[in-house]
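**Student:**
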Amino acid sequence: MTALDDLIRIAADEGFDPARRWPVAADFGVAHILSDLARQAAHRDAMRESPADDVRRLQQAGVPALRLPTELGGRGIPLTQLFAFAAELADADPSVAHALRNHFWFVEQALRSAPDSPRRAYLARVADGDLIGGSFGELHTSKAGNTEVTLRQALRSSSWDSR
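Each residue of the sequence shown is one higher than the one before, starting from 153 at the first, in my numbering.
(1) To the nearest angstrom, how far is it from the Cα of Gly167 to the Cα of Asp243?
(2) According to DSSP, is Ala227 part of a helix, a strand, or is it coil?
(3) Can you tell me the Cα-Cα spacing of Ala262 and Ile284, whole angstroms?
(4) Looking only at its chain, what residues have a beta carbon closer than 8 Å to the beta carbon of Leu220, apart from the 5 residues adjacent to it on each side?
(5) When you compare the CB positions of Leu218 and Phe237, do they come within less than 8 Å of one another, or not?
(6) Would DSSP call Leu218 helix, strand or coil?
(7) Just checking my contact of Val176 with Glu240 at CB under 8 Å: how many whole Å lie between their CB atoms?
(8) Ignore the nearest five residues each way along the sequence and tell me which others in Ile185's own chain have a CB closer than 8 Å to its CB.
Take a look at the structure:
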């Protein structure tokens, strides 16, 4: 059976076992979400629809905090396991995996930063389910080169917050 055969079975929902295809995601209880992602990815990309709802499902399942140590409210998984999960996520839906790339990078940098680093403060937000991401380009941008962006300074600190 080829990968294409698997994807056809996902689309048809005929005897496909998401836990077998994505065992790391199954360990985290999100293989069924990856199955839904795989089923919808091509259509959503073709229609230029945002994967925001799917990302939110992963967020609610605790994916943002996979790398956080358990004492900080995460799962404390090793980096190698995060990479394996990211590969499975990309197999299901490359767009969603790409959307989470900056979050995973930022969390890793924060974990490796000095204890007094301002980045460490974001780890509590990640434990609460927040995603950290860059906004290099948005799906709704009307034309290439449009650099319109809105930033506001958070009142509680001198850092910039795009929430």
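Beta carbons: idealized from backbone N, C-alpha and C, even for Gly.
**Tutor:** Inspection of the coordinates gives the following:
(1) In this structure, the CA atom of Gly167 is about 19 Å from the CA atom of Asp243.
(2) Sequence inspection shows Arg at residue 227; the Ala mentioned does not correspond to that position. Arg227: coil per DSSP, three-state reduction.
(3) 11 Å
(4) Gly226, Arg227, Gly228, Val259, Leu263, Leu275, Val278, Ala279
(5) yes
(6) coil
(7) 5 Å
(8) For Ile185, where only same-chain residues beyond five positions count, the Cβ hits under 8 Å are Ala177, Asp206, Arg209, Leu210, Ala213.
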